[in-house]
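Accompanying notes for the structure given below.
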Amino acid sequence: MELWNHCENPYPFVPAEVLDAAESVRASLPNKYCEPEIAARLYDEVFDEYQLCDDIGLHIVTNEHHSGINNLWAASPVITGIVARLTKKVRILSLGTLVTVRPDPVRVATEYATIDVLSRGRLDIGFVKSGATEMTSGDANPMRIREREWEAIDLIEKSLTSHDGPFSWEGKFFTHAHVNIWPRPWQQPRPEFWAATSDMPTCAELGRRGIVNTLLFGGYDRTRQAFDTYKQARRAAGLPPPGEDRFSYMAFCYVGDTDEEAFRIGQKIPWFLTVSIKSAPQMSKFMPGQLPPELTPAAWRAGASKRPSNLSVETLVAQGQMFAGNPDTVVKQIKTFRERVGGVGRIIMMTRQGLVTHAEATKSFILAAKEVLPQLRDLPPVEQRTAAE
Amino acid sequence: MMRHELEILRAGETHADMILLIHDINPISPKAQFLAGLARTRAIIAPSHPGFGASSLPPDFDTMYDLVRLYLDVLDNLPAGGVAVAGFGFGGWIAAEVAVAGHSRLQQLILVDPVGIKIGGREDRDIVHHFNTNPTELNRRSWHDPANRPAGIYGLGWQATISEAMTDAEMITLARNWDSLCLFAWQPHMFNPQLKHWLHRISVPTLVLWGESDGIVTPDYGRHYASLIPGASFETIPHAGHHPELEQPADFVARVKNFLP
Chain E
1 MELWNHCENP
11 YPFVPAEVLD
21 AAESVRASLP
31 NKYCEPEIAA
41 RLYDEVFDEY
51 QLCDDIGLHI
61 VTNEHHSGIN
71 NLWAASPVIT
81 GIVARLTKKV
91 RILSLGTLVT
101 VRPDPVRVAT
111 EYATIDVLSR
121 GRLDIGFVKS
131 GATEMTSGDA
141 NPMRIREREW
151 EAIDLIEKSL
161 TSHDGPFSWE
171 GKFFTHAHVN
181 IWPRPWQQPR
191 PEFWAATSDM
201 PTCAELGRRG
211 IVNTLLFGGY
221 DRTRQAFDTY
231 KQARRAAGLP
241 PPGEDRFSYM
251 AFCYVGDTDE
261 EAFRIGQKIP
271 WFLTVSIKSA
281 PQMSKFMPGQ
291 LPPELTPAAW
301 RAGASKRPSN
311 LSVETLVAQG
321 QMFAGNPDTV
331 VKQIKTFRER
341 VGGVGRIIMM
351 TRQGLVTHAE
361 ATKSFILAAK
371 EVLPQLRDLP
381 PVEQRTAAE
Chain C
390 MMRHELEILR
400 AGETHADMIL
410 LIHDINPISP
420 KAQFLAGLAR
430 TRAIIAPSHP
440 GFGASSLPPD
450 FDTMYDLVRL
460 YLDVLDNLPA
470 GGVAVAGFGF
480 GGWIAAEVAV
490 AGHSRLQQLI
500 LVDPVGIKIG
510 GREDRDIVHH
520 FNTNPTELNR
530 RSWHDPANRP
540 AGIYGLGWQA
550 TISEAMTDAE
560 MITLARNWDS
570 LCLFAWQPHM
580 FNPQLKHWLH
590 RISVPTLVLW
600 GESDGIVTPD
610 YGRHYASLIP
620 GASFETIPHA
630 GHHPELEQPA
640 DFVARVKNFL
650 P
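Chains E and C are the protein sequences, given in the same order. So in the working numbering, spot 281 of the first sequence is number 281, and the numbers just go up one at a time. So in the working numbering, spot 200 of the second sequence is number 589, and the numbers just go up one at a time.
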């Protein structure tokens with residue numbers, strides 16, 4: 001098993017009264033509330049954490065979100081390129097730049113090929129369908145984004161794997177008459193692809209393509225269902241069963257000296273859910289294309305979007321959405337999770353989140369690398385019970 | 390032969406002169422009062438656009454180009470005779486595009502608070518953003534008085550009027566209409582940058598009607614729109630917002646009847 005560190009580089013320093021009064025803390029919060037000096041310090045701290053990860057053997061994930069307090073990365077390829085130059089050993093996953101928002105997948109392929117070369121083959125490329133406030137801040141049509149995402153992935157893959165001069169692309173969503181990226185990627189035939197989704201038809205397609213399936217905070221049942229869907233799609237297509245490295249799971253995580261310390265500091269992490277997700281109704285439940293029409297009555301009858309406010313570490317741990325405790329406790333939690341979802345080879349820890357400080361995050365990373373990872377590295381295979389079909 | 394099957398609401402005398410209604414964000418409601426008014430003298434044909442109401446949405450159908458060709462197909466396939474076309478809001482945009490493209494059956498054009506053109510500067514928003522405005526604000530801007538909205542009929546800002554009384558079927562239809570509208574009109578939002586330059590090609594008598602209190606697209610926008618169509622007349626309807634046909638049906642019907650021969 002591998003451990004990966006994912007930090008969204010949040011900006012939790014906007015006064016509470018401003019956040020409370022704002023219709024949305026993403027997409028429309030004025031950037032006058034983002035102090036460049038604070039942002040610069042945050043960038044320094046997280047890049048320092050990534051260098052530490054390189055020393056101690058935690059792989060690194062970057063992503064991007066836009067125009068809000070939840071994420072200062074904004075351009076994953078830019079950040080990933082910096083990480084590629086700051087680190088020497090670990091793998092780097094961009095999860096990812098938002099291909100449903102960006103107009104030219106060929107440019108995305110060029111950026112990733114560049115990073116792959118300058119990291120000498122340590123890049124993994126992740127895809128997310130995105131939606132909600134990102135459609136607003138990126139002015140991207142939220143309709144038909146699943147089809148648009150797949151066409152973008154196909155064009156990126158073709159761009160990364162074509163080496164004999166220009167080819168032409170005239171698809172439904174993208175046209176590019178002359179595709180010939182330089183440099184070509186370091187890894188052959190191309191860097192590993194990942195995708196973050198719990199959308200079952202997408203999980204099935206990931207299975208058929210052998211793309212790593214990442215669940216974000218899916219908990220036990222949804223994660224199991226997604227991974228089973230992936231496996232079933234491969235079986236149905238006559239493909240060999242996937243290894244555990246095809247499955248990844250992102251959870252909140254804090255490793256402390258004691259359970260008490262981990263729960264106390266870990267309680268700062270759900271800020272991600274309690275504060276940083278607030279978004280206006282037109283950018284969330286009434287955003288077109290977010291839900292199949294048949295599912296809207298239940299969502300709309302639920303009334304105003306409810307922000308969860310009492311997410312305790314205990315609750316999140318019980319739901320499989322957080323790993324927290326002393327190193328042995330966390331090992332136990334991850335092993336249990338792995339068993340219950342039918343195997344997962346890559347755990348992504350979201351630790352530097354909310355009001356967790358640089359010092360606190362650093363401590364957890366060191367404990368994760370030195371005390372947790374050695375106990376997880378070589379686990380016997382999970383017994384595969386046949387998925388319900 | 391139509392390639393696409395559409396849900397069509399019909400009303401009025403079959404043998405009367407025809408009026409084709411091109412709907413806004415939701416199909417024309419059979420409960421709408423103005424329908425009965427128009428039906429006294431006209432045969433009404435009101436299709437639901439693909440993806441709206443019970444009309445299916447073909448997988449390759451997603452641009453204004455498709456909608457314009459579809460409505461040219463509709464005109465081709467109506468029973469013999471001249472047709473008046475009335476378009477509302479988003480449907481007003483479609484109607485203007487169809488009239489620019491031209492069709493021998495089209496005899497008169499009525500545009501009701503249409504969107505579709507860009508008039509102001511690049512930092513001026515002519516049309517309040519349908520998808521990026523709080524529904525409460527949209528609802529407030531869409532009516533002279535939101536209390537005038539007829540029960541069971543939904544205009545822009547309908548999300549703010551969701552109530553327990555609504556059925557699941559109503560919600561599912563509204564959601565599907567909203568999705569389809571977005572597919573056609575997210576970007577550029579509710580306009581075709583080229584249309585303004587071609588409105589001069591409209592060669593049929595045209596009436597541009599505007600709700601005096603329209604807070605989505607202002608009467609000034611409407612005046613400018615009308616000025617680009619040769620010979621078009623422009624009238625405002627008092628005590629009405631973006632949906633004057635729903636908010637002041639009697640006044641609306643009277644003006645349409647006065648305009649049509």
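Ideal Cβ placement from N, Cα and C applies to all residues, glycine included.
Which of the three DSSP states is assigned to W300 (chain E) in this structure? helix
Taking the runs of the alpha helix (DSSP H) that are 4 residues or longer, which of them lie wholly in the region 507–541 of chain C? 524–531
Is the Cβ-Cβ distance between P142 (chain E) and Q290 (chain E) less than 8 angstroms? yes
Are A233 (chain E) and R264 (chain E) close, meaning C-beta to C-beta below 8 angstroms? no
Please confirm whether R458 (chain C) and V472 (chain C) have their CB atoms less than 8 angstroms apart. no
Going by DSSP, what residue range makes up the beta strand (DSSP E) through Y249 (chain E)? 247–255
Could you tell me the alpha carbon to alpha carbon distance between V108 (chain E) and N71 (chain E), rounded to whole angstroms? 20 angstroms
Can you list, in chain order, the residues of its chain whose CB lies under 6 angstroms from that of L570 (chain C), leaving out five sequence neighbours each side? I414
Pick from E:M322, E:G343, E:E157 that is closest to V255 (chain E), judged by C-alpha positions: E:M322
Using CA atoms only, rank isn't needed, just tell me which of E:E360, E:S137, E:S119, E:G218 is closest to P191 (chain E). E:S119
Please classify E38 (chain E) as buried or exposed, where buried requires at least 16 neighbouring CB atoms within 10 angstroms. According to the sequence shown, residue 38 (chain E) is Ile rather than Glu. Result: exposed.
Neighbouring residues, chain C, relative to P142 (chain E) (Cβ below 7 angstroms): C571
I need the straight-line Cα distance from E111 (chain E) to P577 (chain C), nearest angstrom please. 28 angstroms
Please state if the CB of Y454 (chain C) and the CB of I483 (chain C) are separated by a distance shorter than 8 angstroms. no
Nearest CA to the CA of L342 (chain C): which residue from C:L424, C:D449, C:A405? In the structure as shown, chain C starts at 390 and stops at 650, and residue 342 (chain C) therefore has no counterpart that could be examined.
Flag A22 (chain E) as yes if its beta-carbon sits less than 8 angstroms from any beta-carbon of chain B, otherwise no. Considering every chain present, this structure includes no chain B. Its protein chains are E and C.
Take E244 (chain E) as the anchor and find which of E:T80, E:D221, E:G210 has the nearest alpha-carbon. E:G210
Can we say the region 463–470 of chain C touches the region 578–589 of chain C, given the rule of at least three CB pairs closer than 8 angstroms? no
Quick check on the burial criterion: 16 or more other C-beta atoms within 10 angstroms. Buried or exposed for M350 (chain E)? buried
Could you tell me which uninterrupted alpha helix (DSSP H) segments, each at least 4 residues in length, are contained entirely in the region 19–104 of chain E, listed from first to last along the chain? 36–56, 76–86
Under 8 angstroms between C-beta atoms of G611 (chain C) and E636 (chain C): no
Counted within 10 angstroms of its Cβ, other Cβ atoms place G266 (chain E) as buried (16 or more) or exposed: buried
Mind reading off the beta-carbon distance from D116 (chain E) to P185 (chain E)? Whole number of angstroms is fine, and I expect it under 8 angstroms. 4 angstroms
Residue-chain proximity (D124 (chain E), chain C), Cβ-Cβ < 8 angstroms: no
Grab me the residues of W271 (chain E)'s own chain with a C-beta within less than 8 angstroms of its C-beta, minus the 5 sequence neighbours each way, in chain order. P10, P12, Q353, G354, L355
Coil, strand or helix - V382 (chain E) by DSSP: coil
Is DSSP giving V642 (chain C) helix, strand or coil here? helix
Does the CB of P374 (chain E) have a neighbour CB from chain C at under 8 angstroms? no
Supposed contact pair P183 (chain E) and A113 (chain E) - C-beta distance, whole angstroms, cut 8 angstroms: 6 angstroms
Have a look at S94 (chain E) and V61 (chain E) and give me their C-alpha separation to the nearest angstrom. 6 angstroms
Using a cut-off of 7 angstroms between C-beta atoms, extract the partners of P416 (chain C) located in chain E. Under the 7 angstroms cutoff, chain E gives no residues; its nearest Cβ is about 15 angstroms from P416 (chain C).
Nearest-angstrom beta carbon gap, S67 (chain E) and R26 (chain E) [assumed within contact, 8 angstroms]: 6 angstroms
Using a Cβ cut-off of 8 angstroms (strictly closer), state whether E111 (chain E) contacts chain C. no
Please report whether the beta-carbon of E294 (chain E) lies at a distance below 8 angstroms from any beta-carbon of chain C. yes
Roughly how many angstroms lie between the CA atoms of A615 (chain C) and F477 (chain C), to the nearest whole one? 14 angstroms
Since H358 (chain E) is in the alpha helix (DSSP H), which residue starts that stretch and which ends it? 358–367
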